[in-house]
Amino acid sequence: MNIYLKLFYIFTKIGLFSYGGGNAILPLINQEVVINNLWLKANEFTDLVAIAQVTPGPIAINAATYVGYKVGGFWGSVLCTLGLILPTFIIMLLITKVFIKFKQNEYVQNMMSGVLPATVGLIASAAVMVSYGSFVDYKSILICAGVFISAYKYKADPILLLVISGVLGFILYR
Amino acid sequence: MNILVDLFVTFLKISTFTVGGGPAMLPLIEKYAVYNKKWISKEEFVDMVALSQSIPGPIAVDAAVYIGYKTAGIAGSIVAVFGAVLSGFLALLIIAVYFTNINQNKNVEAVFMGMRPAVVALLAVPVLSMWKHSKINKKTIAIPIVTVILVAFFNVNAVYIIIASALGGLIYGLLHKRGKLL
């Protein structure tokens, strides 16, 4: 199979079967990219995971771009990224249309009465999982507390808070 | 400003400052799309997060599709997704071409040591506001608590949580209707 077609196909497949966020997508990408297709070595994949943590945007998009570039250059990275988002784009568009239409339906409302509280738990879980390795000393706890108070109580701009925290990190930990 | 340009620019800005994975995007979306731009209501924000957890793929793309579609139809969802993906794409392209060792750079690591605790704090904000708008009551308060235990501590995949809670809600509703439960 043509390498571009193959990259697109593999990443469409990854996009279609990746439930549960970046941390659930990475093992799938590892399986296809390192084990099945030998596109990256195991240590290159470890580097990729580390890079994806320190770059903007979703981890899965970062991974698709990186693998695509390494295997097929610029167009490889475009195709992998498009392949990854295509199933999500189509499914979410359909679900949004259907949901808006049937939002008042009794069965949909019953299901949502269970799903909404679970969603709150899922986002809280994301916060817990991000916290692993985030607190290295009392200074990082102070940053967390300061950002929380500024954002929750004083509705401060989150981007400004992230920039300030990054500058603080640069000053404190360099 | 043209709504399509506004959607693109807003999602580009949000995704540029999304560090540490998709959910880190939610506090930014809540601030810009819900409070500042008023593209969706607080209730719709909770619905959006629930839907995006129910289907495969990055939460960033789901959120962009939902808000883009609500605001400006299919064209809106396309430009929002493009904005949500572009900065991650460009960043990795530049790194793949020029700086493969960026994760070992001391200065970059220091900046991220400052940003990571901030991301934890920012993620707590939508959890608290969603708690208020997801109609959690005495009967459902156990659901988010059990979810955190299963997902954060036992690595249970989110899709099982969504299926179980949807079925639970459905069955409860049916029994309730037949008068077997109060």
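One line per chain: the protein sequences are A and B, in this order. Note that the first sequence covers residues 35 to 208 in my numbering. Note that the second sequence covers residues 16 to 197 in my numbering. Backbone N, C-alpha and C define an ideal beta-carbon position, used for all residues, glycine too. Please read all numbers here as calculations on a predicted model, not as lab measurements.
In the three-state reduction of the DSSP assignment, residue 171/A falls in the coil class. Using a 10 angstroms sphere on the CB of residue 140/A, the tally of other CB atoms stays under 16, which defines it as exposed.
In summary, residue 84/B is buried, with 16 or more beta-carbon neighbours lying within 10 Å of its beta-carbon over all protein chains present.
Within chain B, the C-beta atoms nearer than 7 Å to that of residue 94/A come from 73, in chain order. Chain order gives the chain B residues near residue 53/A as 71, 172, 173, 174, where near means a beta carbon separation below 7 Å.
For residue 137/B, the uninterrupted alpha helix (DSSP H) run begins and ends at 121-148, by DSSP. Short of 8 Å from the beta carbon of residue 19/B, and not among the five residues preceding or following it, lie these beta carbons of its own chain, in chain order: 87, 90, 91, 94. Considering only 189/A, 71/A, 203/A, 72/A, the residue with the shortest C-alpha distance to residue 175/A is 203/A.
Rounded to whole angstroms, the gap between the alpha carbons of residue 133/A and residue 183/B is 19 Å. Legend: CB atoms of the region 67-89 of chain A lying less than 8 Å from CB atoms of chain B belong to residues 81, 84, 85, 86, 87, 88, 89. Residue 157/B and residue 161/A have their C-alpha atoms some 18 Å from each other. Interface criterion not met: the Cβ of residue 113/B is under 8 Å from no Cβ in chain A. Between the alpha carbons of residue 164/B and residue 67/B lies a gap of roughly 21 Å. Of all residues in the region 144-159 of chain B, only 145, 146, 149, 150, 151, 155, 158, 159 place a beta-carbon less than 7 Å from a beta-carbon of chain A. In its chain, beyond the 5 residues on either side, 173, 176 have a beta carbon closer than 7 Å to the beta carbon of residue 166/B.
Taking CB atoms only, residue 136/A has no neighbour in chain B less than 8 Å away. Secondary structure remark: continuous alpha helix (DSSP H) runs of at least 4 residues inside the region 66-119 of chain A, in chain order: 76-87. Looking only at 116/A, 179/A, 102/A, the smallest Cα-Cα distance to residue 66/A is reached by 102/A. Ranked by Cα distance from residue 129/A, the first of 43/B, 190/B, 154/B, 69/B is 69/B. Counting along the chain, residue 180/B sits inside the alpha helix (DSSP H) bounded by residues 173-192. Closest option to residue 30/B, judged by alpha-carbon separation, among 171/A, 61/A, 96/A, 81/A: 96/A. Taking a beta-carbon distance threshold of 8 Å, residue 151/A counts as an interface residue toward chain B. Per the coordinates, the alpha-carbon of residue 22/B lies some 22 Å from the alpha-carbon of residue 137/B.
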